[in-house]
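To convert, note that position 16 of the sequence shown is 16 in full-length UniProt numbering; the numbers rise steadily by one, no gaps.
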Amino acid sequence: MAFSSQLVASPLPLSSRAYLQSVANPLPVTAALLQRHHRAISFTNTNSNPFLYFYNNLAITSGRKISFIRCFSALNPELKTTLDKVVTSQKVVLFMKGTKEFPQCGFSNSIVQILKSLNVPFEAINILENEILRQGLKEYSNWPTFPQLYIDGEFFGGCDITVGKSCTI
1 MAFSSQLVAS PLPLSSRAYL QSVANPLPVT AALLQRHHRA ISFTNTNSNP FLYFYNNLAI
61 TSGRKISFIR CFSALNPELK TTLDKVVTSQ KVVLFMKGTK EFPQCGFSNS IVQILKSLNV
121 PFEAINILEN EILRQGLKEY SNWPTFPQLY IDGEFFGGCD ITVGKSCTI
């Protein structure tokens, strides 16, 4: 869901008792943002040690007063439609760092080598050429890292999943 909103937060510091959220698992912050859309947010706890939450472009730090927070989704409706078309355009689509001929990261290279060794034709898309595409894909697949492999229009996984599955073939 793409949305842009202004949320008002209380000036209370966040607690270190709340755990550090990674981009891969932003559940408490996501839930708070969606449940309190256009309403005040209040974070309370007894401990006020430094702490940091992440949600896309959102960072909330303790010990500082926050007057408002803006959160933007990189996955707008147009990008989602485009990604739907791209992942279904070929049987196998790989979003990677670099190209088939010149992968620019070891994980991307691993998947390219697996697909080539199995003689699987695939479309490779270099995510380093477009930051909006890169950020939108993270939301589209709900997967924070690259490479991302799609088979028959469905997200298959990243490097670890692909390597693991290829070992069972």
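Glycine is no exception: its CB is placed at the ideal position from the N, C-alpha and C atoms.
| Check | Outcome |
| --- | --- |
| Helix, strand or coil at F155 [DSSP, three-state] | strand |
| Given K80 as reference, the closest of R134, Q104 and F102 once Cα atoms are compared | R134 |
| Element boundaries [beta strand (DSSP E), containing I127] | I127 -> no beta strand (DSSP E), and no H or E assigned at all. |
| Complete runs of the alpha helix (DSSP H) confined to the stretch 97 to 151 [at least 4 residues] | 106 to 117 and 131 to 141 |
| F146 versus F107 - alpha carbon distance | 8 Å |
| The stretch 146 to 157 touching the stretch 104 to 119, judged by at least three CB pairs closer than 8 Å | yes |
| Boundaries of the alpha helix (DSSP H) in which S73 is found, first to last residue | Taken as a continuous stretch (DSSP letters only), S73 belongs to no alpha helix (DSSP H), as it is neither H nor E. |
| Among D152, G158 and E131, nearest to W143 - alpha-carbon criterion | G158 |
| DSSP bridge partner residues for L79 (one or two, in chain order) | Bridge partners of L79: none, in fact. |
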